[in-house]
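Asker: Let me begin by handing over the structure; questions about it come next.
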Amino acid sequence: MSEPIIHAQELAKAYQKGATQAFALRRATFTIQPGEFVAIMGPSGSGKSTLLYTLGGLVRLTGGHYWLAGREITQLSEHELAQVRNRYIGFVFQSFQLLPSLSALRNVELPALYNRQARRDRRVRARTLLERVGLGERLDHRPPELSGGEAQRVAIARALMNDPPLLLADEPTGNLDSANGAAVMALLDELHREGRTVIMVTHDAEIARQHANRILLIRDGVLEQ
Ligand SMILES: Nc1ncnc2c1ncn2[C@@H]1O[C@H](COP(=O)(O)OP(=O)(O)OP(=O)(O)O)[C@@H](O)[C@H]1O
Ligand SMILES: [Mg+2]
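According to the working numbering, the stretch in the sequence shown is residues 88 to 312, in order.
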């Protein structure tokens with residue numbers, strides 16, 4: 088068997104709530120193999136986003152150990168962590184998180200600004216990715232001039248800019264109608280078929296059943312496999 092892309096051991100995250108600590112994540116232990124499509128489900132406030140952002144190296148853990156592609160990232164400095172994130176992970180958010188003042192093309196280029204890629208190569212790749220998600224005609228549009236479905240496809244193109252093996256998506260269809268949601272899911276399926284690992288938070292049991300090969304259920308910060 089190949090090396091897991093993710094191995095999490097007793098991950099814990101607590102937030103300070105007044106004088107007490109509230110645990111958003113408690114002793115989560117699990118492994119994800121390369122090429123899986125995993126859905127994270129659970130009630131609102133159960134810790135789904137906290138878990139996803141923990142896997143994305145965006146949350147400082149209260150406890151536990153986390154290996155990404157064989158490297159324990161809980162030991163890394165902020166700078167090293169940023170490099171690992173940039174190389175291994177593409178993020179897609181419910182609310183797209185595009186920069187409103189930049190064109191679609193510039194938004195997609197952003198993750199490559201931290202690499203030493205030549206500007207022209209960067210631009211060509213961003214354009215190719217936007218064409219791939221069906222937005223070749225929208226390169227110069229700014230996010231306020233895009234529909235929600237288009238904005239989410241720009242966000243997916245951005246997530247692919249550094250060709251990461253792992254895609255993390257937090258309710259990627261949460262702000263979309265069913266037709267645009269289906270288009271976004273078709274894209275995620277395609278990226279999964281190419282061999283990428285996809286981990287997606289969703290409220291929609293039907294979407295999880297149709298697209299994921301495994302569901303991680305979380306309740307009050309506790310994983311139920
Ligand atoms: N930065 C933070 N500071 C304090 N508490 C937080 C913070 N982020 C999350 N929490 C708390 O942690 C718990 C889990 O939050 P999280 O956002 O992970 O839930 P969720 O399952 O994604 O919910 P939803 O389905 O509504 O998006 C909640 O009680 C939330 O209030
Ligand atoms: Mg959430």
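All residues carry an ideal CB built from backbone N, CA and C; glycine is no exception. Given the structure is predicted, the values throughout are model-derived calculations rather than measurements.
Where does the unbroken beta strand (DSSP E) through V179 begin, and where does it stop?
Answerer: Segment 176 to 179, the beta strand (DSSP E) holding V179.
Asker: Looking at the strands, I want to know which residues DSSP matches up with I286.
Answerer: Answer is V125, L255.
Asker: From T215 to L222, what distance separates their C-alpha atoms?
Answerer: Those two C-alpha atoms are separated by around 10 Å.
Asker: At a threshold of 6 Å, does S190 count as lining ligand 2 (C-beta to nearest heavy atom)?
Answerer: It does not: the Cβ of S190 is nowhere closer than 6 Å to a heavy atom of ligand 2.
Asker: Confirm, please, whether the CB-CB distance from G143 to I176 is below 7 Å.
Answerer: Yes; because the gap between Cβ atoms is below 7 Å, this pair is in contact.
Asker: Report the partner residues of Y140 according to the DSSP bridge assignment.
Answerer: Paired residues: none, contrary to the question.
Asker: Measuring only the C-alpha atoms, how far is V309 from A156?
Answerer: So the alpha carbons of these two residues sit roughly 24 Å apart.
Asker: Within a Cβ cutoff of 6 Å, which residues of the same chain sit near Q108, ignoring the five residues on either side of it in sequence?
Answerer: Counting only Cβ-Cβ distances below 6 Å, and skipping sequence neighbours, we find A101.
Asker: Check the DSSP bridge columns for Y102 and list the partner residues they point to.
Answerer: Note: Y102 sits in a beta bridge opposite A109.
Asker: So which of I243, L139, P251, F124 has the shortest CA-CA distance to Q170?
Answerer: Ranking I243, L139, P251, F124 by Cα distance to Q170 puts P251 first.
Asker: Taking all protein chains shown into account, do 16 or more other C-beta atoms lie within 10 angstroms of the C-beta of A266, making it buried, or fewer, making it exposed?
Answerer: Per the 10 Å Cβ criterion, exposed.
Asker: In whole angstroms, what separates the C-alpha of H166 from that of R158?
Answerer: Spanning the two alpha carbons is a distance of roughly 15 Å.
Asker: Pull up the CB-CB distance for S190 and R229, whole angstroms please, since I reckon it's below 8 Å.
Answerer: So it is a contact: roughly 6 Å between Cβ atoms.
Asker: Going along the chain, which residues put their C-beta within less than 5 Å of some heavy atom in ligand 1?
Answerer: Those satisfying the condition are, in chain order, Y102, A111, S131, G132, S133, G134, K135, S136, T137.
Asker: Count the other CB atoms within 10 Å of the CB of D257; is the residue buried (16 or more) or exposed (fewer)?
Answerer: Flag for D257 reads buried.
Asker: Spatial neighbours of Y331 within its chain, please: CB distance less than 6 Å, with the 5 preceding and 5 following residues excluded, ordered by chain position.
Answerer: Nothing can be reported for residue 331, as the shown portion of the chain is limited to 88 through 312.
Asker: What span of residues does the beta strand (DSSP E) with G236 cover, start to end?
Answerer: From DSSP, G236 is part of no beta strand (DSSP E) but of the alpha helix (DSSP H) over 235 to 247.
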